[in-house]
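Undergrad:
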Amino acid sequence: MHARIGVVRTTTAAVAAVVTASVVAGCSAAEDQVPSIGYALDNVVSTYNANTVDGAASGARQAFPRVQTGFSYLGPEGEALADNDIGSAAVVPGDVLTVRYVIAPQAVYSDGVPMTCDDLVLTWAANSGRFVAGENDLPLFDAASTAGYKDIDQVACSAGAKEATVTFRAGRSYSDWRNLFGATDILPAHVAARVAGVPDVVAPIASDDLDVVGRIAEFWNTGWNLTPGSVDTSLLPSNGPYRVDSYTADGGLVLVANDKWWGIAPSTDRIVVWPKGTDIQSRAGDGELEVIDHGAGNDVPADGFARTDYPSTGIEQLTFATSGALAPSAARRAIALCTPRQSLFDSYGHPGFDETTGVGSGVVDSRLVRVDDLLYAPVAATAANRFRQPDIATAMAELAGAGIDGLTVRIGYLAPDSRRAQIVADIAAACAPAGITVQDAGSPQFSPTALRTGEVDAILGSTASASGAAGSVSDATAHDSLHSGAGSNVGGYANGRIDAIVDQLSVETSDASRLALSTEGENILWNDMPSLPLFSAPRTAAVADGMGNVVVDPTAAGIGWNMDRWILHR
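If you use mature numbering (1 follows the signal peptide of the UniProt record, and there is no 0), the sequence shown corresponds to residues -29 to -1, 1 to 541, in order.
1) Should Pro388 go down as buried or exposed, given a rule of 16 or more other Cβ atoms within 10 Å for buried?
2) Please report the Cβ distance between Gly432 and Ser294, rounded to the nearest whole angstrom; I am assuming they are in contact, meaning their Cβ atoms lie under 8 Å.
3) If you drop the 5 nearest sequence neighbours on each side, which residues of the same chain put their C-beta closer than 6 Å to that of Thr69?
4) Identify whether Asp122 lies in helix, strand or coil by the three-state DSSP scheme.
5) What is the rounded straight-line gap between the Cα of Val172 and the Cα of Ala34?
6) Take Val166 and list the residues in its own chain whose beta-carbon comes closer than 7 Å to its own, dropping the five residues that flank it on each side.
7) Closer than 6 Å by C-beta to Trp233: which residues in its own chain qualify, once you throw out the five before and the five after it? Chain order, please.
8) Is Val(-23) helix, strand or coil by DSSP?
9) Would you identify the three-state DSSP class for His161, choosing helix, strand or coil?
10) Which residue or residues does DSSP assign as beta-bridge partners of Gly266?
11) I want to know whether the segment 493 to 500 touches the segment 255 to 267 - three or more CB-CB distances under 8 Å.
12) What would DSSP say about Asn150, mapped onto helix, strand or coil?
13) If I follow the unbroken alpha helix (DSSP H) through residue 560, where does it start and stop?
14) Can you tell me the Cα-Cα spacing of Pro246 and Tyr19, whole angstroms?
15) Enumerate in chain order the residues of its own chain whose CB-to-CB distance from Ala(-9) is below 7 Å, with the five nearest sequence positions on each side excluded.
16) Got a sec? Which residues, its chain only, sit under 6 Å from Val84 by beta carbon, not counting five neighbours each side?
17) Return the residue from the list Gly439, Ala449, Arg468 that minimises the CA-CA distance to Gly529.
18) Mind checking whether Gly41 and Ala141 have CB atoms under 8 Å apart?
19) Nearest-angstrom Cα distance between Leu197 and Pro404?
20) Threshold first: 4 residues or longer. Then list the alpha helix (DSSP H) segments lying entirely within the segment 70 to 134, N to C.
21) Cβ atoms of Ala435 and Ser452: under 8 Å apart, would you say?
22) Let me know the secondary structure DSSP gives Trp232 once reduced to three states.
23) Express the C-alpha separation of Ser300 and Ala307 in angstroms, rounding to a whole number.
24) Determine the direct distance from the alpha carbon of Ala163 to that of Leu226, and round the result to whole angstroms.
25) The alpha helix (DSSP H) with Phe291 in it runs from where to where?
26) Helix, strand or coil for Met518 per DSSP?
27) Just the Cα atoms here: how many angstroms apart are Ala447 and Pro419?
28) Below 8 Å, how does it come out for the segment 475 to 490 and the segment 338 to 348: are there three or more Cβ pairs, yes or no?
29) Name the one or two DSSP bridge partners that Val63 has.
30) Taking 8 Å as the cut-off, decide whether the C-beta atoms of Asp90 and Ile176 are in contact.
31) Could you tell me how far apart the beta carbons of Val79 and Phe276 are, in whole angstroms, since I believe they sit closer than 8 Å?
32) For His321 and Pro525, which I take to be in contact (beta-carbon distance under 8 Å), what is that distance rounded to the nearest angstrom?
33) Can you tell which of Ala457, Asn466, Val103 has the C-alpha that lies nearest to the C-alpha of Gly117?
34) Taking buried to mean at least 16 other C-beta atoms within 10 Å of its own C-beta, is Ser178 buried or exposed?
35) Which class does Gln313 belong to by DSSP, given the choice of helix, strand or coil?
36) Shortest alpha-carbon distance to Ser318 belongs to which of Gln393, Ile286, Ala292, Cys309?
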């Protein structure tokens, strides 16, 4: 409870500041409202699909929550809130979890094609992990996470219908089912069907026609990639208040009001999203930027902007490769042993805020339990305060025991990022006495798949290797990144017992069982060391004078969760 209060307090402070500005602005004449708002992210927007491995780590969830709507959205407390504009979702009584989804009759994409249950079928198929091919049974869809969707037995849908019945497998009553089919999860199935050359996606998915599903998957994986200057908007229909109008390097990602939207019209007709690499100071100085959603510790304009620093639900962490130089778990433990986690938190973990308990209050010692969960303290105790301060002697002993004479570790992250660059530098200085050479491999072109391909040995990022905003009240994303075969498990970690624990935690409702499972899991993870949690990732929100209704959201959706309510007066 106390941890939640910390988040609420910082969020409320941000809201209060904006509401005050909005009230003052409200005294102005209507013609003083500015028709376009600039919105800067600390991440790339390289795809319309936030569900692929690289897409989930990108800024797509910050940019498109009001472009790609679903049956729920991540609200300012991090929880999944029902989006009644899209329709309804209700549990059907029975022995197995069954949910009936009804799409609003008026729900239509910006290209005039109705939203149907076909969209839910594609969402499930792409994220279920059940469609595989080749000698190694590799998934056809490059989904970042299968959490929840893999527990669904079937999606009963008549192609073109406005309702679907989703039935989960017996014994797999997924506790976070309300997070499924949410904002940025649902993509236009009619576009994938058109490109694949089939009437609809339902028939080939239902019949396991792998040839056709393979064509659908090929488009789903890469067909929605975005390259500034060469974007085909016919592939990007929207079912939300905004739609994509254009995307260029000089003009940003332009979202405009969707005239087919059936809900309340957006307060501002045009939002321009500026991705990572934008000259923030220059754009702000030119009056082209009014909302900034960045990781803390990076420069934001001071003059004419109100700033709020707050801890997010994402966890800043190192994700290690489990192959190459770091294949021995001893090598990964050695890095953890020389990493100065306590001093990293002291220096970079709480800029602009000072939480005394819960989220943002200290070093994070669990991968399986949220910091604001009542079970966090006993599970975190498993770490026994190890790996807090550099232990050079033990780190050297780990390397010697594994026969490793010197170790070089390349840490990648999406650059430029002054806070993460400083963290890497501090780790390098602390680990050098142990004979470990840490190299800064940050790059503007960095993506989590670099760990898969061996270009780096570790990633410095947030939950599931996200470069920007991350996390939610649900543990699903964090858990799935530890599951063997999961797309977001870019380090290739595999432990059968951890797989079983993660699978059980997703349906477990007993606190006693959750405590036992999580404690056992953390004991394994502190030994295997597939990742090293640092602290709750700090975020910074900055809004220009005259902005109203910008509400801090500590999750993967970032500030963009309610961009259709933003308003600016000058």
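Heads up, the beta-carbon is just placed ideally off N, CA and C, and yes, glycines get one too. No experiment lies behind these values; they were computed from the predicted model shown.
TA: Checking against the coordinates, here is how it stands:
1) One detail in the question is off: residue 388 reads as Asp in this sequence, not Pro. By the beta-carbon neighbour count (other beta carbons within 10 angstroms, threshold 16), Asp388 is buried.
2) That pair is no contact at about 19 Å.
3) Val63, Thr138
4) helix
5) Near 26 Å, if we compare the C-alpha coordinates of Ala34 and Val172.
6) Phe190, Gly194
7) Residues of the same chain with a CB within less than 6 Å of the CB of Trp233, apart from the 5 flanking positions on each side, are Gln77 in chain order.
8) Low confidence applies here, because Val(-23) scores a pLDDT of 32, under 50, leaving its location unreliable; read the following figure in that light. The three-state reading of DSSP puts Val(-23) in helix, counting H, G and I together.
9) helix
10) Arg510
11) no
12) helix
13) In the structure displayed, the chain extends from -29 to 541; residue 560 sits before or after that span and is not available.
14) The straight-line gap from Cα to Cα measures roughly 13 Å.
15) With a pLDDT of only 40 at Ala(-9), under 50, the local geometry of the prediction cannot be trusted, and the value read off the model is given with reservation. Same-chain partners within the cutoff: Asp516, Gly517, Met518, Gly519.
16) His161
17) Gly439
18) no
19) 44 Å
20) 88 to 99
21) yes
22) coil
23) 11 Å
24) 22 Å
25) Looking at the DSSP string, Phe291 is not in any alpha helix (DSSP H); the run it does join, the beta strand (DSSP E), is 276 to 291.
26) strand
27) 18 Å
28) yes
29) Thr69
30) The Cβ atoms of Asp90 and Ile176 lie no closer than 8 Å to each other.
31) Incorrect: roughly 38 Å between the Cβ atoms, too far for contact.
32) That pair is no contact at about 14 Å.
33) What sits at residue 117 in the sequence shown is Thr, not Gly. The shortest Cα separation from Thr117 among Ala457, Asn466, Val103 belongs to Ala457.
34) exposed
35) helix
36) Gln393
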